[in-house]
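Protein chains in written order, with my numbering: chain A, 1 to 583; chain B, 1001 to 1094.
We put the CB at the ideal spot given by N, CA and C, even for glycine.
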Amino acid sequence: MDQSVSGDPEKTTVGIAKSETGIDGFDELTLGGLPTGRPTLVCGGAGCGKTLFASTFLIHGARALGEPGVFVTFEERPTDIVSNVASLGFALDQLVDEDKIHIEHIAIDPSEFVEIGDYDLEAIFIRLEAAVERIGAKRVVLDTIESLFAAFSNPAILRAEIRRLFDWLKERKLTTVITGERGDGAFTRQGLEEYVSDCVLLLDHRVQNQISTRRLRIVKYRGTAHGTNEYPFLIDSDGFSVLPVSALGLNHKVYDERISSGVDDLDDMLSGRGFHRGSSILISGVAGSGKSTLAASFVGAACRNGEKAAYFSFEESAEQTVRNMRSVGIDLKDYIDGGRLNYFAARPTFYSLEMHLAVMLREIARLKPRIVIVDPISAFDRSGDSNEVQTMLLRMVDYLKSHGVTGVFTNLTHAKGDETLTDVGLSSLMDAWILMLNREAGGEFNRELYLLKARGLQHSNQVREFIMSENGLQLRAPYLGQEGALTGSRRRAKEAEAGRTEAVRAAEVERLKQQGEHRRRKLEAQIEALRAEMAAEELEARRLIDAESAYLRRAKLDEEEARAMREGVAVRKRVDGGGNGAE
Amino acid sequence: MAQNETTKLILYVAGETPKSLAAIANLERICKELDNRYEVQVIDLKKEPRLAREHSIVAIPTLVRQLPAPIRKIIGDLSDAEKVLVSLNVKGAQ
């Protein structure tokens, strides 16, 4: 009590100090870990992972943070604890050898002793104190202190002693994890929670639809904000990991960048540039409408651009998908081998819904892909009710968006007409929705694709025919004629018909064009002839003019000559007459 | 049979707490009633905390009958002498 009061000023000034547990997800969830210097109660039923939680906390402290720890076990022998965690890759014995961890086995066999008179558990304190002092411990685990209640017959003494023990731990500012067995109606069988007021965690192991899920809940965490949801956690070869799948709000990253769907025609429908990065894209359609193929196309496009992708398949194995996609010209094998594409195949019934989500999120967090495919989400319909599926998707979409990862989800709908109705719940989560149809017309089924919505993108409102061939995926605009939109062979027939008419028309145009040319050329020839004629005329005219001017010149010359001649006679006459006169 | 054997008792206490002192006083009284040869050792775990672990002692006070085998433990301040004697299985030797 005193301790918590004296701890208060610290809390108000700097907030609660926290100690990392080294448990994936848990430290993020609690914004730092467990309260430093205070006891934390971890309770839960048998086999729910309490001891593992505690060991991870202790080992992480000793190994990574330089905080030695004392593991007080009332149940398992130290060798068992060492071998238990050895399977998870923790070399606990080495830490023990290095004096970073001390395992204090407090074995109590009730058949070994009788109680006569008053007693206390001072020896436990002495042993704990010796251990803490020996290695300079900062962390303590008590696993499971409740077994004391089975050993001693006087609960009043025990309760007083346990309270004293917790006070003692707080006084020494030891960050402590106390495990407790889940009791009926209470968190622990002996009501340990009443002694631990700072932090209480509840681990749970529930089976629903024959699928078991482990969950963790923070019942209480004094002085800190915490989520009150149940978070699934996983115990596997990597140890204990809590999977925070909560929606922390709508603070998603928004990208203007576009990503290709791998189908050029589809990108063209979206003003030619594809979908936004980080958007969530739903591909829904009936069986065999090409959902997975389109999804794989997204992956192929991303991988081609050197981006990482994660493909979660709940129907097909990696080999199957690789083979199938090769038939439409998408080769995923190299990407898988090169580590760019990570393919996860699991049966929907392998885990519970939440665990699937958790595992997916963990892989996503680990691999950091830029695009994630979930194929198909309808596989979960049997694992939980639609509400749960939707919640799960919401979390998934949230997570992907907040990390700027593009999500492509396929969903199998049933052919009974109301394709859109079944997906109503999902629609609001999705930024883009591609509807794949498989419609019968003229005795054949043809695949069609329609962009039902694409938030923030200009997109074509046309239904396109979706064609899968070894040349890849193509979208064809359907033939729009008087009989409505036609697809498949009817489209092809109509297109051929139109093509024939077009050919006739083209020939006619060509003929007319040639005719015109011919006429033009004829006229040009005529023009040429006329021009030549004109030139001749001009030449003739010039000749006439020249002749005329030559004539005129000649005439003038002659006239001058004639006059000169006349005047010359006269002159000569005058000259002759004068001479004669003088003589 | 029992006469030939030494009863070896160890009393674990922790400091001079009322319980520890009571246990020591009670044990002294009880020992007077023992016919056998006996050895009593009192260990103060406050002084020798190492022994708490080595002898896996949990409660204080604890009386351990080392001999004759098997080991028997009594926890508490030994306020009921009769019960202690029964438990130590030495009463029957009279």
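Considering only their Cβ atoms, is the gap separating N411 (chain A) from P376 (chain A) smaller than 8 Å? yes
If you draw a straight line from the C-alpha of A318 (chain A) to the C-alpha of A287 (chain A), how long is it? If you draw a straight line from the Cα of A318 (chain A) to the Cα of A287 (chain A), it comes to about 20 Å.
Tell me which same chain residues have a C-beta within less than 8 Å of the C-beta of E104 (chain A), skipping the five on either side of it? Correct list, in chain order: V70, F71, V72, T73, R127, L128 and A131.
Counting only the same chain and skipping the five closest in sequence on each side, list residues whose C-beta sits under 6 Å from that of F90 (chain A). The answer, listed in chain order, is I59.
Is there a Cβ from chain B that is less than 8 Å from the Cβ of V177 (chain A)? no
Taking C-alpha atoms, which residue in A:V408, A:S378, A:D99 and A:R139 lies nearest to A301 (chain A)? A:V408
Buried or exposed: which applies to E419 (chain A), given that a residue is buried once 16 or more other Cβ atoms fall within 10 Å of its Cβ? Summary for E419 (chain A): the model assigns pLDDT 49, below 50, so the residue's position carries little reliability, and this model does not support an answer.
Let me check one thing: in DSSP terms, what residues is Y255 (chain A) bridge-paired to? Bridge partners of Y255 (chain A): none, in fact.
7 Å Cβ shell around L1051 (chain B) - same chain, five flanking residues per side excluded: Once the five neighbours on either side are set aside, the close Cβ partners of L1051 (chain B) are I1043 and L1045.
Nearest by alpha-carbon distance to I281 (chain A): which of A:D97, A:G45 and A:M436 is it? A:M436
Assuming S1087 (chain B) and V114 (chain A) are in contact, meaning their beta carbons sit under 8 Å apart, how far apart are those beta carbons, in whole angstroms? 5 Å
Beta-carbon proximity of Y335 (chain A) to C303 (chain A), cut-off 8 Å: yes
Among A:I467, A:Y450 and A:F466, nearest to H459 (chain A) - alpha-carbon criterion: A:Y450
Which chain A residues sit within Cβ distance under 7 Å of I1074 (chain B)? F113, V114 and I116
What does the alpha-carbon distance come out to for the pair S279 (chain A) and L332 (chain A)? 23 Å
According to DSSP, residues forming a beta bridge with E181 (chain A): Answer is A:G44.
Taking all protein chains shown into account, decide if A529 (chain A) is buried (16 or more other Cβ within 10 angstroms of its Cβ) or exposed. Exposed: under 16 other Cβ atoms inside 10 Å.
If you run the structure through DSSP and keep just helix, strand and coil, what is V374 (chain A)? strand
Which two residues bound the contiguous alpha helix (DSSP H) that contains K333 (chain A)? K333 to D337
Would you decide whether M534 (chain A) is buried or exposed? Buried here means 16 or more other CB atoms lie within 10 Å of its CB. exposed
Have a look at A:T36, A:A46, A:Y231 and A:D80 and flag the residue whose alpha-carbon is nearest the alpha-carbon of M392 (chain A). Nearest option by C-alpha distance: A:Y231.
When you compare each of A:V263, A:D398 and A:F275 to G329 (chain A) by their alpha carbons, which one comes out closest? A:V263
In the DSSP assignment, find the alpha helix (DSSP H) that holds A296 (chain A) and state where it starts and stops. K291 to R304
Thinking C-alpha only, which one of A:S289, A:L192 and A:S212 is nearest H414 (chain A)? Selection A:S289, A:L192 and A:S212 evaluated against H414 (chain A) yields A:S289 as nearest (Cα-Cα).
Find the nearest neighbour of I108 (chain A) within the set B:P1049, B:I1074, B:D1080 and B:S1079, judged by alpha-carbon distance. B:I1074
With L174 (chain A) as the anchor, note down where its beta strand (DSSP E) starts and where it stops. Neither: L174 (chain A) is in no beta strand (DSSP E) and is coded neither H nor E.
Could you name the residues of the segment 1050–1064 of chain B whose beta carbon sits closer than 8 Å to any beta carbon of chain A, in the order they occur along the chain? For the segment 1050–1064 of chain B, which is checked against every Cβ of chain A, the residues closer than 8 Å are R1050, A1052, R1053, S1056, I1057, V1058, A1059, I1060, P1061 and T1062.
Based on the DSSP output, what are the partners of C199 (chain A) in its beta bridges? A:T40 and A:Y221
Inter-stretch contact at 8 Å, needing at least 3 Cβ pairs: the segment 1060–1071 of chain B / the segment 143–150 of chain A: Taking a cut-off of 8 Å on C-beta distances, the segment 1060–1071 of chain B does not touch the segment 143–150 of chain A, as fewer than three cross pairs fall below it.
Give the interface partners of V1084 (chain B) over in chain A, defined as CB-CB distance under 8 Å, in chain order. When 8 Å is used as the limit between beta carbons, V1084 (chain B) is near these residues of chain A: I116, in chain order.
From which residue to which residue does the beta strand (DSSP E) around T115 (chain A) run? It is worth fixing the name first, because residue 115 (chain A) is Glu in this sequence and not Thr. Where E115 (chain A) is concerned, the enclosing beta strand (DSSP E) stretches over F113 to E115.
For E517 (chain A) and E510 (chain A), I'd like the C-alpha separation in whole angstroms. 10 Å
Which residue marks the beginning of the beta strand (DSSP E) containing N411 (chain A), and which one marks its end? T406 to L412
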